[in-house]
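Visitor:
4 protein chains.
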Amino acid sequence: KMIQECVNGDDDTLDSLLADLATVNNSRERANKLFQWLISPIPAKAFFRDTWEKKPILVQRKNPHYYKELFSTAKFERILREEDVQYGVNLDVTSYTNGKRETHNPPGRALPYTVWDFYESGCSIRMLNPQAFSSTVWNVLSILQEQFGSMAGANVYLTPPGTQGFAPHYDDIEAFVVQLEGKKHWRVYNPRTEDEVLPVLSSPNFSQADIGKPILEVVLEAGDLLYFPRGFIHQGNCLPDAYSLHITISSYQKNSWGDLLQKVVPAALEIAMEEDVEFRQGLPLDYLTYMGVQNSDKDDPRRTKFFSQIERLMKKLPNYAPVDAAVDQKARDFLHNCLPPMLTSEELASTVQGAPTRWERGQVKDVGAQINTQTRVRILRAGCARLCSDGEAVHLYYTTENSRVYHKEELKSFEIKPEHTDAVEFLIHSYPKYVTVESFPCDAAEAKVALAERLFERGIIHTAEPL
Amino acid sequence: KMIQECVNGDDDTLDSLLADLATVNNSRERANKLFQWLISPIPAKAFFRDTWEKKPILVQRKNPHYYKELFSTAKFERILREEDVQYGVNLDVTSYTNGKRETHNPPGRALPYTVWDFYESGCSIRMLNPQAFSSTVWNVLSILQEQFGSMAGANVYLTPPGTQGFAPHYDDIEAFVVQLEGKKHWRVYNPRTEDEVLPVLSSPNFSQADIGKPILEVVLEAGDLLYFPRGFIHQGNCLPDAYSLHITISSYQKNSWGDLLQKVVPAALEIAMEEDVEFRQGLPLDYLTYMGVQNSDKDDPRRTKFFSQIERLMKKLPNYAPVDAAVDQKARDFLHNCLPPMLTSEELASTVQGAPTRWERGQVKDVGAQINTQTRVRILRAGCARLCSDGEAVHLYYTTENSRVYHKEELKSFEIKPEHTDAVEFLIHSYPKYVTVESFPCDAAEAKVALAERLFERGIIHTAEPL
Amino acid sequence: KMIQECVNGDDDTLDSLLADLATVNNSRERANKLFQWLISPIPAKAFFRDTWEKKPILVQRKNPHYYKELFSTAKFERILREEDVQYGVNLDVTSYTNGKRETHNPPGRALPYTVWDFYESGCSIRMLNPQAFSSTVWNVLSILQEQFGSMAGANVYLTPPGTQGFAPHYDDIEAFVVQLEGKKHWRVYNPRTEDEVLPVLSSPNFSQADIGKPILEVVLEAGDLLYFPRGFIHQGNCLPDAYSLHITISSYQKNSWGDLLQKVVPAALEIAMEEDVEFRQGLPLDYLTYMGVQNSDKDDPRRTKFFSQIERLMKKLPNYAPVDAAVDQKARDFLHNCLPPMLTSEELASTVQGAPTRWERGQVKDVGAQINTQTRVRILRAGCARLCSDGEAVHLYYTTENSRVYHKEELKSFEIKPEHTDAVEFLIHSYPKYVTVESFPCDAAEAKVALAERLFERGIIHTAEPL
Amino acid sequence: KMIQECVNGDDDTLDSLLADLATVNNSRERANKLFQWLISPIPAKAFFRDTWEKKPILVQRKNPHYYKELFSTAKFERILREEDVQYGVNLDVTSYTNGKRETHNPPGRALPYTVWDFYESGCSIRMLNPQAFSSTVWNVLSILQEQFGSMAGANVYLTPPGTQGFAPHYDDIEAFVVQLEGKKHWRVYNPRTEDEVLPVLSSPNFSQADIGKPILEVVLEAGDLLYFPRGFIHQGNCLPDAYSLHITISSYQKNSWGDLLQKVVPAALEIAMEEDVEFRQGLPLDYLTYMGVQNSDKDDPRRTKFFSQIERLMKKLPNYAPVDAAVDQKARDFLHNCLPPMLTSEELASTVQGAPTRWERGQVKDVGAQINTQTRVRILRAGCARLCSDGEAVHLYYTTENSRVYHKEELKSFEIKPEHTDAVEFLIHSYPKYVTVESFPCDAAEAKVALAERLFERGIIHTAEPL
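Residue numbers (the working numbering), protein chains in the order written: chain A, 1 to 467; chain B, 1001 to 1467; chain C, 2001 to 2467; chain D, 3001 to 3467.
1. Less than 8 Å between the CB of residue 2375 (chain C) and some heavy atom of the ligand ADP, yes or no?
2. State the start and end residues of the unbroken alpha helix (DSSP H) segment that holds residue 3328 (chain D).
3. Identify which residue in D:3313, D:3156, D:3221, D:3289 has its Cα closest to the Cα of residue 2261 (chain C).
4. Which residue's Cα is closest to the Cα of residue 274 (chain A): B:1257, B:1429, B:1273?
5. Where does residue 3248 (chain D) fall in DSSP's three states?
6. Leaving out the 5 sequence neighbours to the left and right, which residues in its chain are closer than 8 Å to residue 1042 (chain B) when beta-carbon positions are compared?
7. Give the straight-line distance between the Cα atoms of residue 1101 (chain B) and residue 1088 (chain B), rounded to the nearest whole angstrom.
8. Taking the alpha-carbon of residue 1221 (chain B) as reference, which of B:1464, B:1203, B:1241 has the nearest alpha-carbon?
9. Just the chain D side, please: which residues come within less than 8 Å of residue 2037 (chain C) by C-beta, in chain order?
10. From the DSSP output, which residues share a beta bridge with residue 2414 (chain C)?
11. Using the beta-carbon of each residue, which ones in chain C are nearer than 8 Å to residue 112 (chain A)?
12. In chain A, which residues lie with their C-beta within 8 Å of the C-beta of residue 1324 (chain B)?
13. Compute the beta-carbon to beta-carbon distance between residue 2227 (chain C) and residue 2196 (chain C), rounded to the nearest angstrom, for a pair I have assumed lies under 8 Å.
14. Alpha carbon to alpha carbon, what distance is there between residue 229 (chain A) and residue 31 (chain A)?
15. Please classify residue 1337 (chain B) as buried or exposed, where buried requires at least 16 neighbouring CB atoms within 10 angstroms.
16. Along chain B, in chain order, which residues have C-beta atoms closer than 8 Å to that of residue 310 (chain A)?
17. Thinking just about the alpha-carbon of each residue, which of A:111, A:13, A:29 is nearest to the one in residue 2354 (chain C)?
18. Against residue 3287 (chain D), what residues of chain C qualify as contacts under a CB-to-CB distance less than 8 Å, listed in chain order?
19. In three-state DSSP terms, what is residue 427 (chain A)?
20. Going along chain A in order, which residues have a C-beta closer than 7 Å to the C-beta of residue 1428 (chain B)?
21. Below 7 Å on C-beta distance, what does residue 1465 (chain B) contact in chain D?
22. Taking the beta strand (DSSP E) that residue 2124 (chain C) belongs to, which residues open and close that run?
23. Please report the straight-line C-alpha distance between residue 372 (chain A) and residue 2097 (chain C), rounded to a whole angstrom.
24. By the DSSP assignment, the alpha helix (DSSP H) with residue 3373 (chain D) in it spans what residues?
25. Got a sec: is the Cβ-Cβ distance from residue 403 (chain A) to anything in chain C below 9 Å?
26. When the Cβ atoms of the segment 1243 to 1253 of chain B are set against those of the segment 1153 to 1163 of chain B, are three or more pairs found closer than 8 Å?
27. Give me whichever residues DSSP pairs with residue 176 (chain A) in a beta bridge.
28. Determine, using beta carbons only, whether residue 406 (chain A) and residue 459 (chain A) come nearer to each other than 9 Å.
29. Does DSSP put residue 87 (chain A) in a helix, in a strand, or in coil?
30. Under the DSSP definition of a beta bridge, which residues are partnered with residue 1378 (chain B)?
31. For residue 2014 (chain C), I'd like the list of residues in its chain whose CB is within less than 6 Å of its CB, leaving aside the five on either flank, ordered along the chain.
32. According to DSSP, is residue 1219 (chain B) part of a helix, a strand, or is it coil?
33. Could you check if residue 2464 (chain C) is buried or exposed, using at least 16 other CB atoms within 10 Å of its CB as the buried criterion?
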C-alpha cells in the first residue's frame, strides 16, 4: 500500500515540537522523534523495514498546517530581501516547456525585483540550500542527519500555476517531498531496469517517451508527504488553479555498501601485499601470451589456472580488510558534510559561545569562569565528534565548527595524545550522561582540565550548569 | 646448493651467439636460448622451478671471456668520449667509506677527463642505462624482455681496487650480477623478516649492524654470474688487488599477483556496483554508532553482522573480476616500458626502415615497391604488438616506435576499426608464420592492403622477402 | 607645526553627522564633509597642501566623545559574540615583549571566551577588517574612498594596560590613527633615508637601535587624531594605567605616479613598436661586443652612440603613452577594491533592493512597478560606475555588487553596446542631477528602458521617487 | 639595384672554405669571412649599409656547385634513413593547392618509405632544424651566429616539380634563401603598409588578392642566393620541369631596439621608483574624475597638467635606464639560443673533450695530464662565454654545453666568486690571444689553476698545446 490517509490535529506543529525536542536529553532520541513526526502516522520502524529504499509512499494529511512552520513563501521573500542570495549559487530559475528544460540564471544577486519577475513569466524557482538562510531548516536537517548517519540536505521549489519546472528524472538520493503551500500534481514511475534500482548517479532528463506509465499519480496538498527511493523517476507540475511550494529533504547519497567497500577493498589489498607473500610472488613468466582480451577466446588450461589463482587471492582479501578504519574514513566524510549543531538557548549558556567571559565598561569580566575538575561536561551531540586513527596518530574530528554552507570550512580535527585517547573515548561513550572532569581517565588533574578546556573552546563539550 | 662450478669453452661467446640467434625464427625461442646462455649451465627450467624468487645462486665459470662481449671498460671509454653522457642522468659517481654512502655528481656532461679523475680518487662509477649507448646491451635486454614478460633493465658498475661504492641494501627487482672484468667480493644476506621476502619497494641503506651474517660470500671473477631475488640484502667491494666491472641485469619490478590485483580489484568493485543491487543498498542507519575504531572494543552482535556482510560482498567480487582487461592494463604498462626491437640486417631489409624507396640522383626511386595482396608478412616479434579494448574502442599497442631511453616516447597505439580486429588478431596469432595479405580475414582487398600498409609503416610487421 | 589643540562641543558626533550627510545630494561633497570632520579643525585644503604625504600631525581634541560612535569595545564584544570572526583571518593576537614580536593565533573562531583570555594575559588584539562587521565603519570607509580616489581600509587595535603589541615599523599607506577609548603613548620617527620617504613597501620590524630619536612623542587620548605619512616609523604602547582602543584608517597604498607609470610605460612601448619603425629596427650586429656589464669599463665611442640611441627612443615614448587607458586600468583596480555603497533608508526605497515587487499572501505584488521613460534616475554614487574600453569592447565596471569582504567578489562589469555608450556617459556625467530615461541619448525608447532596467537591476542607478 | 650577376669559379666551395676557416685564429674574423662567402660578390660592408633590413637582393651565380656542400638531397636521404626524424617535430609535409594551404604530417618517425610517397604525390617537405642532423649546417650556423650576434637558424625545403608548398606570407626574420639543387620560381612583394615594415610577428597566410604585384620575380637556380628582410611577402613554386631544394638561413628574430627596450624600460621604472621620490608621490586625489576614457573628451586644464607630469616623469626614465644590465639579459637569451661550437680536430685535441685522460687496458692513463700555471689558454670562441651580474652575484654564462637541438638544455652558467671576476674578464678580453694561467689576475696560484680547471672541464677554454 503506497498511500496513507490521516487527519492530524493542529497541536503537533513544528515549532512546538522543536521546543519539546530541545528538552530531550539525547540527540539520537531527538532525531528519532523528529523523523517520526516527519513521516507520521507511519511508524518509523515499519517505514525502514517495508518502504525505505524499496518503494514510494504517500501521506495525505488533510492538515495544511502540519509542515507550514518549516518554510514558507513569506520566509522566502524575507530571505531574498535580507540575505545575499546569488543566482546560480543559491538559487536557480528553471523552466520545462514543450519538453524542453532550461535554466535562466542571470549573474549576480537574486533580489525580489528580478526573482518575482521570472516567476510571473512562468519560471520555477529553486533555492539550493535553504539551511544556510533559514534557522528552522538548519535545525531540522542538523537533527535528522543523526537519524540517517548520512548528510541530510534540502532544496525548496516554488512553481507558478499551470507550469512545470523540471523534466522527468531520477535522483541519487532518498527523497522526502514535503508540500508546504499550494498544490502539485506528481507522477512517480518505477526504475526502468534492474540496473537503475538504487542507482549510484542521478539520471539525465528523460523525455515522456522514455519512462512508461506512472505507478503513482497524485495531487499533493499542503501538509502532505511523498517519499520515493533513489532510482524512481518522478515529475511534478502545477495545475492551473494553484501555485506550489515544497521542500525536498534528501539523504543517503553515496552511502551504500559499495561506497564503503571502495574504501575497504584497496586498503585490504595493500595490507595483504604487506603481510602475505603470496600476493608479492611474481606473475607467471608467460602469462601475457595466454591472458588478455586478444587471448580471451583461447581454450587454454593455463587460463583456468590463472583465473583460479586470482579468485583464490581475492577470496583471501576479507582476512585483511580494515573494516573499522574504512568506516572511519566514511565517518570523516560524513563529519565534513554535517551541518553544525544548532544550539538551544539553554545549550548556548553552557557552551563556549555563551560563556560569561566578556568586555564590560572598560574591563574584561569573568575571565576566571573557567572549567575545573568539578565541572560536569558531556559532548554536545551524540555524533558531533569522533576519534579516528590513521595508523600513526589519533585525531578527534568534530562538526561544531562546520559552516551552514556546504564544505565552506575544511574538516576540523586536532591530534589527541596517546595519554588522552582513553579520556576522549570515555567522554564519547558516556553520552548522554554528564561526567566530571575529575573522572576523566588521565593521570594528572592538570591534563584533565587542559583537555576539557580544549574541547570546550572548540564547542565539542558543554557543561551541565552554565560556567 | 647455491654454487655451480663449470668450465666453459670459448666458442659460446655472446657475439657468435647473437649471430646465431638472429636466424632463430621465433622471438620467444630466441629469448629462451639467450636466457639459457646467461644462466648456463643451470637449466632454465630448473632455475625457474627451484631458484627464481627463492634464493641466490652462483655460477663460477672459470672462463673470463664468457660475458666479455656484453660490455667492457673499453666500450665505457668509447661511450664517454663519443656520446652525450650526463652526470646524474646517465651516470652516478658514488662512494661508501667508513659506513657513509655519498653521491658526487657534478652538473653537466660526463667526459673521460673528469670521470677518470673521480675513479682515481676512489669513487665508483655507475652507468644507469647502458642500453641507450651500447647496441649489444640493447639487443640483449630487448630479447630478454620477451623471456620475462616484464621490463629488463641494466646498470653497469665500475669500482676501483680496495673500495666499495654502495651500502648494503636490498632491491625490488630480480638481479643477475654479471662479472665482466676484474673481481669483486660479494656478500649476500637473507631477507631480515618474512615481510621483506619479495618486497614491493627497495630498502634504504643499511648499516653493517642491521643485516646479520651473510649466507653467501664469494669473490666473483670475470665470467661468473650471481643471481639473487628481490629482498636479499647484498654488498660488493673490490679487493686491493683488482678493480671490478660488472653489469646487473634486472627484471620483475612491480610484476606480482598483487600488482595485477591492484588493477583487477577496483574494477571488479565498480562492475559489482553496476550489476549487483546488493552493492548499491544503503548501509545500516546506525552503523557509525557501533563500527569504527572508537567502537572496536565493543562486543556488539551488530558488529559481527556487519563484518559478515562485508565478507559476503567481498567474496562475491571474483564473480565480477575483469581479469583479461586488467591483464591488458598491465600489458600496456609493459609495452610502454619495452625497449624497441633491435633489427638484424636481414630484418632491416624486410621492414619499413630498410624499404628500397629512396632519393637517388634527383628522383625518388622504388616508391612503387609497396605491399600488395600477395606480400607475405608477420609481426616483427611475438610480443611487439597487442590488441586491447577499453570497453569502447579497440586499440593496437606496439613497441616498435619506443625509444632506447626509458619512457622518452609515449606509449604508441592506434585504433583498430571493428572490421579489422579479426585480421590483427589473426596476424598476432599466426606468428611466427608469415601469411599473405590476401589471407587477412577482412572483407575488401583494399582494406587488407591498407591495414598492412599501416602496420608496415609503423614497423609492426615485416615481409618475408624484401620489398 | 605638528600639533593642533582644540575643544570640540558634543554636537558633532558621528551618528548625527552621518544622518546629516545622508541628505547631502552629491556623494563627493559628502566625502569631503566627512573627511573634514575626521581631521577637524585642520582645514582639508590646508591639510592636503601642507601635511599629506609630508609630515605627521596631531589633533588633541579634549573631547573623548568625538569619535566614539565610530567603534567601541562594546561593539567589539558584540561582534565577537554574534559574528563569525576567525583567528588569523579577521583577528590577530600579538605581543611585543623585550624586543620580541610574536603572533599567538590559535585556529578556529575567535570567541570572547578565548579572546579575553589572551587580552588578560597581556596580548594585543587586532581586528583586521572591522568594516565587514560594523556598519558604521563600513559607511565611513565607503564614503571616504570617494575622497581619496583610492581604497580606504581600517584596522582596530585593543591593547592592555602596560603593554605594547607591535614592534616599531613603517607602513606603505597614509595612516589616520583615531583614538576611540583609553590612552596610548605614541612615538613617531622620521624616515631613515631619502629612499624610505613615501616607500613602496612596508618595513620589517625594527629594533629600537635602528630608528633614532622620535620627532613626535605624545599620549593620545580618546577623541584625538594622529596622522603620519607612509615611511614614518611609529610605535605605540599603553601606559600602566589605561588600556587603549584605536582604529587606524588608511589609504593610498600603491597609488603613486610610479604605480600608474607601471601601466603606462609598457603599453607605450608596445604601441611605439607597432607604430614607429625605429623601434622595430635591428640592433647593431656587434653590440654584444661593447655593451653589457663585462664591457662597462670600456671607453668606446660605440657605447656612447648606443646610449644616445636608447635615450632618444625612450624620450619618444611619451608620444605613444596611452594615459587614459592606463588610468582606466588603475581605476578598475580601485573599483575592485571599493567597498559597496551603504544605502540610507531613503536610498533603499529608490533602488532595486527596496523595490516594492514582493510575495504577499500567495501572490506576487507590484511586479508591474517597473521603470518607464518618465522615470527619473541617476547613478547611485559619483564613483560607483565607470566606462572603460579595452580597445575592442566597452565595459561598464561598477562597485554596487562588491562585498564588504575584500575581493570576495570578482570585479563586476558588463559590456555596453556601442549604441548605448553615449547614454551611459550621459548618465555618469549628469550626476548628481536626475535625468528621465526618456532623455537618454539612444535611438529607441525600448532601448532606453532596457538599459535603465539593466542598470537598475544591478543597483547602479536609483530613482528620484520610489518605484 | 636588386640583382647581382657573377660567375664564380669552382675553387671556393664550402668544404675547402671551412677547412681554411679552421685555421683562422679569431672566431669573429672567421664569421666575417663565412658571411662574405655567403653573399659574395656583394661586399658585406655595402650589404649591411644598403640592403640589410631595407630591401631584397638577388645573386645569380651561374655556378650550381657554389653551395652544394652545404646540404643536398643525398644528405636528406641519409638523414631520413639513419636518424630519428619525427613528423611534426623535425619535418613537415605541406601543400598549397588552389589557394589552400595544408599540413599532412602523420604521427611517428619520418622514414624514406613514407616521406618519398608524400613527395611523389606532390607534397613539399620541410626539414625544420637540419643543424641537428647535418654537421655542415651546424658548423655554418654556429659560425654565422657570431656574425649576427643573434641566433642563426635554418629550414630546408624540398619541392616537387610543378607544385607550391606554402601560401604567400611574410616572416619575422631576415631570410637568406640559398638554392642548393634544381630551380624555384620566386615572387617577392613589398610590405603592404608602413606598419608591416620590419614586423614583430610573422603574417598569416595571404591570398593572392591580398598582396599586390611582385617587386621581384625570378627563377632561382642552384648556386643562387635571394635575400629579403622581414616583412617582405614572398612565395616560391616549382616549374613543371624541375624540383627544388633550398635552405633558408635566418636571423634577427626579436632582435630590435624595441626588444631591448622591453628589458630596459620596466627596469628603469623600477629603479626610478626606488631612487626618485617624485615617482613615489601620490596621484592627485581627484584624478579619476577627469582622467580615463570616459573623460577623454573633456576640456579640463587638470588633464593638461596630468599629461605634462606623466611626460615629465617619462622623460626622466633614461636617467635610470640600466642599459648594460638589460643588454646582458638579451645576451643571456642569445647564449641560450646559440648552437654549441663545432670543434675542429685541432681544437678537439686542446679541449676537455679530447683530453688524453683515458681508460686503457684495465687502468686509467694520463689522469695527471692536468692544467698547471704554465698552461696557455684562451676562451674557445669570442662569444662562447659572458660575465653577467644580476645585481647580487656574478655568473658566467656559456654556450659550450648547449645542444644542437633548440633549448634542449637549460642555459648553462655558474657563479664566479668576486675574487675571480677580474680573471674571467681578463680571459674574455684577451681573446684571441692565449695567456698563461699564471697571468690570471688572482691572488693565489691555487685559485688560478682551480679556476682554469673549472673552465676547461666545461669546455669554455682550450689550451694552446694539447695537454
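All residues carry an ideal CB built from backbone N, CA and C; glycine is no exception.
Guide: In brief:
1. In terms of ligand content, the structure shown is empty, and the ligand ADP therefore cannot be addressed.
2. As a first step, residue 3328 (chain D) is located in the fourth sequence; it is residue number 328 there, counting from the start. Per DSSP, residue 3328 (chain D) is one residue of the alpha helix (DSSP H) stretching across 3323 to 3337.
3. Translated into the one-based positions of the third sequence, residue 2261 (chain C) becomes position 261. Considering only D:3313, D:3156, D:3221, D:3289, the residue with the shortest C-alpha distance to residue 2261 (chain C) is D:3313.
4. Translated into the one-based positions of the first sequence, residue 274 (chain A) becomes position 274. Residue B:1257 is the option with its Cα nearest to residue 274 (chain A).
5. As a first step, residue 3248 (chain D) is located in the fourth sequence; it is residue number 248 there, counting from the start. DSSP places residue 3248 (chain D) in the strand class (E or B) of the three-state scheme.
6. If you number the second sequence from 1, residue 1042 (chain B) lands on position 42. Excluding the 5 residues flanking it on each side, residue 1042 (chain B) has same chain C-beta neighbours closer than 8 Å at 1004, 1051, 1057, 1059, in chain order.
7. In the second sequence, counting from the first residue as 1, residue 1101 (chain B) sits at position 101. In the second sequence, counting from the first residue as 1, residue 1088 (chain B) sits at position 88. Cα atoms of residue 1101 (chain B) and residue 1088 (chain B): separation of roughly 16 Å, rounded to the nearest angstrom.
8. What you label residue 1221 (chain B) is simply residue 221 of the second sequence in a count that begins at 1. The alpha carbon of residue 1221 (chain B) has as its nearest neighbour, out of B:1464, B:1203, B:1241, the alpha carbon of B:1241.
9. Taking the first residue of the third sequence as 1, we reach residue 2037 (chain C) at position 37. Within chain D, no residue comes near residue 2037 (chain C); the closest Cβ sits about 17 Å away, beyond 8 Å.
10. Stepping through the third sequence from its first residue, residue 2414 (chain C) is reached at position 414. DSSP output for residue 2414 (chain C) lists C:2396 as bridge partner(s).
11. Counting from 1 along the first sequence, the entry for residue 112 (chain A) is found at position 112. Correct list: 2355, 2357, 2358, 2359.
12. The residue labelled residue 1324 (chain B) in the question sits at position 324 within the second sequence. Per Cβ cutoff of 8 Å: 291, 292, 293, 295, 296.
13. Numbered from 1 along the third sequence, position 227 holds the residue referred to as residue 2227 (chain C). Numbered from 1 along the third sequence, position 196 holds the residue referred to as residue 2196 (chain C). Not really, about 18 Å apart at Cβ, beyond 8 Å.
14. Locating residue 31 (chain A) in the first sequence gives position 31, counting from the first residue. Locating residue 229 (chain A) in the first sequence gives position 229, counting from the first residue. Computed Cα separation, rounded: 20 Å.
15. Within the second sequence, the letter at position 337 stands for residue 1337 (chain B). In summary, residue 1337 (chain B) is buried, with 16 or more beta-carbon neighbours lying within 10 Å of its beta-carbon over all protein chains present.
16. Position 310 of the first sequence, counted from the first residue, corresponds to residue 310 (chain A). Among the residues of chain B, those whose CB is under 8 Å from the CB of residue 310 (chain A) are 1257, 1260, 1261, 1264, 1318, 1321, 1323, following chain order.
17. As a first step, residue 2354 (chain C) must be located in the third sequence, where it is residue number 354. Distances from the CA of residue 2354 (chain C) to each of A:111, A:13, A:29 were compared; the closest alpha carbon is that of A:111.
18. As a position in the fourth sequence, residue 3287 (chain D) is number 287, starting the count at 1. Chain C residues near residue 3287 (chain D): 2149, 2327.
19. On the first sequence, position 427 is the one that residue 427 (chain A) refers to. The answer is helix: DSSP assigns residue 427 (chain A) an H, G or I state.
20. The count along the second sequence starts at 1 and reaches residue 1428 (chain B) at position 428. Residues of chain A passing the Cβ test: 294.
21. In the second sequence, the residue the question calls residue 1465 (chain B) occupies position 465. Per Cβ cutoff of 7 Å: no residues; residue 1465 (chain B) is ~16 Å from chain D at best.
22. In the third sequence, counting from the first residue as 1, residue 2124 (chain C) sits at position 124. Boundaries of the beta strand (DSSP E) harbouring residue 2124 (chain C): 2124 to 2127, taken from the DSSP string.
23. Position 372 of the first sequence, counted from the first residue, corresponds to residue 372 (chain A). Position 97 of the third sequence, counted from the first residue, corresponds to residue 2097 (chain C). The straight-line gap from Cα to Cα measures roughly 30 Å.
24. Reading the fourth sequence from its first residue, position 373 is the one you call residue 3373 (chain D). For residue 3373 (chain D), no alpha helix (DSSP H) encloses it, and the DSSP letter there is neither H nor E.
25. What you label residue 403 (chain A) is simply residue 403 of the first sequence in a count that begins at 1. Interface residue, yes.
26. With the rule of 3 Cβ pairs closer than 8 Å, the segment 1243 to 1253 of chain B counts as touching the segment 1153 to 1163 of chain B.
27. Reading the first sequence from its first residue, position 176 is the one you call residue 176 (chain A). Residue 176 (chain A) pairs with A:227, A:249.
28. Stepping through the first sequence from its first residue, residue 406 (chain A) is reached at position 406. Stepping through the first sequence from its first residue, residue 459 (chain A) is reached at position 459. Taking 9 Å as the Cβ cut-off, residue 406 (chain A) and residue 459 (chain A) do not qualify as a contacting pair.
29. As a first step, residue 87 (chain A) must be located in the first sequence, where it is residue number 87. Three-state DSSP puts residue 87 (chain A) in a strand.
30. To locate residue 1378 (chain B), count along the second sequence from 1; it is residue 378. Paired residue(s): B:1462.
31. As a working mapping, residue 2014 (chain C) is identified with position 14 in the third sequence. Excluding residues within five positions, the ones whose Cβ falls inside 6 Å are 2069, 2070.
32. Position 219 of the second sequence, counted from the first residue, corresponds to residue 1219 (chain B). The answer is strand: DSSP assigns residue 1219 (chain B) an E or B state.
33. Translated into positions along the third sequence, residue 2464 (chain C) becomes position 464. It is exposed - the Cβ of residue 2464 (chain C) has fewer than 16 other Cβ atoms within 10 Å.
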